[in-house]
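Working notes, beginning with the structure itself.
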């Protein structure tokens, strides 16, 4: 596609792809870029489980981060203009290499998606537990995973094919950590479990503190409306 | 504790524990139950990442499921009275054996919590990616996992110690499924990835359809307020 678009670009134009994997895209684009055109990959880390223009909303990028991965020979003025563009949409901007971006996103986005896709599939294939039981009792934690496991399959297939090395590296570390906890469960080692479960709370607090998630319990999910006036079994209003 | 409470219970009293693991509790309680007292374990599958009385709210149980696991010799009238109690709080009620409950919850609640605790720990221990990068770019999917990984460590340690067998069984299946997807990534097998990623969407749809999660994108998280009047780069209002 870059080969087709290239000839139509004016001298001095800034071209930016917007996507979840960077190193592979930069490598594929580079040979097709006309002289005088600035190519600056960008990745706004924002969005929902829905895709396409209709899934957008005006506040989508506010206080989210947009990562730019300019090539080594990028024009600083062009990078600054693109940064300003994203800041005007409400985003914070950070620059890093494409390779580091792919590693960071492997852990903050790609691995979580792979795990979510896996566990939702696991639950659906059990013979001892029915699908209707999985759905009915999903409020115990499982339903959280189903949201990102409902993301666009085409996009996510391509993410894993394009960012294979970083994802496999993160998977290796994740598997070691899961084995450690599995062993603790098997041996009845409550201290190891308690230590791990206490440590992870700080990360949640950090994310809420910097405004990357809501402090409202349960993501601020709306409570169900009572289907009828609720009885007041303990009220003493006679 | 059951041994201490037992003598104070009136004949015909209904006693119910409320917790996430059933078979071990029933086994431990049984020898201490005075004659004429009905013991009926119950598990309302509802709640948030917060614990304790202050974390409750009036709609907490509405359209959530409460699972009762009466012992084989349970008194049907007592079971019906306890079911009515839960229905008056807005819950749906289902009865099953304690053993089946523990298997169902292992997949819909315990495994998701273990995976979330693991991945949040993995992200925090990487040397190539800083903690501040993990926090800043968490909106790519990771932040979803931090919510349940912020649950009460004492309670969750005890859940894994008490429901060890069912959790280990589910972990075995999960690991097989994760290996299958890892192999597909390593081999560049896009068809296997696409097939898995398409299948899991139906589960999300099912959960939303039966009212166990909101259809609003991103769990209905509130959008950030613009910190200042937003610029209108494309507006033609001059």
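Chains as they are written, first to last, in this note's numbering: chain A, 1 to 238; chain B, 1001 to 1238.
Note that beta-carbon positions come from the ideal geometry of N, C-alpha and C, so glycine has one too.
My understanding is that residue 43(A) touches residue 18(A), with C-beta atoms under 8 Å, so please give their C-beta distance in whole angstroms.
7 Å
Classify residue 1224(B) as helix, strand or coil using the three-state DSSP reduction.
coil
I'd like the list of long-range same chain contacts for residue 149(A), defined as Cβ closer than 7 Å, with 5 residues on each side in sequence excluded.
Only 116, 117, 120 meet the Cβ criterion.
Roughly how many whole angstroms lie between the Cα atoms of residue 1059(B) and residue 202(A)?
29 Å
Closer than 8 Å, CB to CB, is residue 1104(B) near chain A or not?
yes
Less than 8 Å between CB atoms is the rule here; does residue 1082(B) satisfy it with respect to chain E?
Although the question refers to chain E, the structure presented lacks it and instead comprises the protein chains A and B.
Given this structure, state the Cα-to-Cα distance separating residue 1138(B) from residue 1028(B), to the nearest angstrom.
42 Å
Just the C-alpha distance for residue 70(A) and residue 85(A), rounded to the nearest angstrom, thanks.
15 Å
Would you tell me roughly how many angstroms separate the C-alpha atoms of residue 1237(B) and residue 78(A), rounded to the nearest one?
Only weak support is given to the placement of residue 1237(B): the predicted model assigns it a pLDDT of 48, under 50, and the question is left unresolved by the model.
At a cut of 8 Å, does the stretch 212-225 of chain A reach the stretch 1153-1169 of chain B through at least three beta carbon pairs?
no
Between the alpha carbons of residue 209(A) and residue 1180(B), how many angstroms are there, rounded?
37 Å
Let's test the definition: count the other Cβ atoms within 10 Å of the Cβ of residue 1147(B) and tell me whether it reaches 16, buried, or not, exposed.
Of the other Cβ atoms in all chains shown, 16 or more fall within 10 Å of the Cβ of residue 1147(B); this residue is therefore buried.
Using a Cβ-Cβ cut-off of 8 Å, state whether residue 185(A) counts as contacting chain B.
yes
Counting only beta-carbon separations shorter than 8 Å, does residue 1134(B) have a partner in chain A?
With 8 Å as the cut-off, residue 1134(B) counts as an interface residue toward chain A.
At the 8 Å Cβ level, is residue 1164(B) part of the contact set with chain A, yes or no?
Yes, residue 1164(B) lies at the interface with chain A (some Cβ there is under 8 Å from its Cβ).
Looking at residue 141(A): is its Cβ nearer than 8 Å to the Cβ of residue 1108(B)?
In this structure, residue 141(A) sits near residue 1108(B), with a CB-CB distance shorter than 8 Å.
Is the shortest distance between the beta-carbon of residue 224(A) and the beta-carbons of chain B less than 8 Å?
yes
Could you spell out the range, first to last residue, of the alpha helix (DSSP H) harbouring residue 1075(B)?
From DSSP, residue 1075(B) is part of no alpha helix (DSSP H); its letter is neither H nor E.
Quick check on DSSP: helix, strand or coil for residue 1063(B)?
coil
Cβ of residue 125(A) within 7 Å of any heavy atom in the ligand PLP?
Absence of the ligand PLP from the depicted structure is noted, as is the absence of any ligand whatsoever, leaving it without description.
Nearest-angstrom Cα distance between residue 1213(B) and residue 133(A)?
Rounded to whole angstroms, residue 1213(B) to residue 133(A) spans 15 Å at the Cα level.
Going along chain A in order, which residues have a C-beta closer than 8 Å to the C-beta of residue 1097(B)?
Under the 8 Å cutoff, chain A gives no residues; its nearest Cβ is about 12 Å from residue 1097(B).
Short of 8 Å in beta carbon distance, which residues of its chain neighbour residue 188(A), apart from the five on each side in sequence? Order them along the chain.
none
Runs of 4 residues minimum, wholly inside the stretch 150-204 of chain A: which ones carry the alpha helix (DSSP H) assignment?
153-162, 164-187, 190-199
With residue 1110(B) as the anchor, note down where its beta strand (DSSP E) starts and where it stops.
Run containing residue 1110(B): none; DSSP gives neither H nor E here.
Any beta carbon from chain B within less than 8 Å of residue 86(A)'s own beta carbon?
no
Going straight from the alpha carbon of residue 1087(B) to that of residue 1080(B), what length do you get?
10 Å
Restricting to Cα atoms, I'd like to know which of 1130(B), 1171(B), 1096(B), 1093(B) is closest to residue 1112(B).
1171(B)
Quick one: Cα of residue 185(A) to Cα of residue 1158(B), how far?
Using only the alpha carbons, I get a separation of about 10 Å.
Within its chain, find whatever has a CB closer than 7 Å to the CB of residue 20(A); leave out the 5 residues flanking it on each side and keep chain order.
43, 105, 109, 159
What are the residues that DSSP puts in a beta bridge with residue 1145(B)?
Residue 1145(B) pairs with nothing; no bridge assigned.
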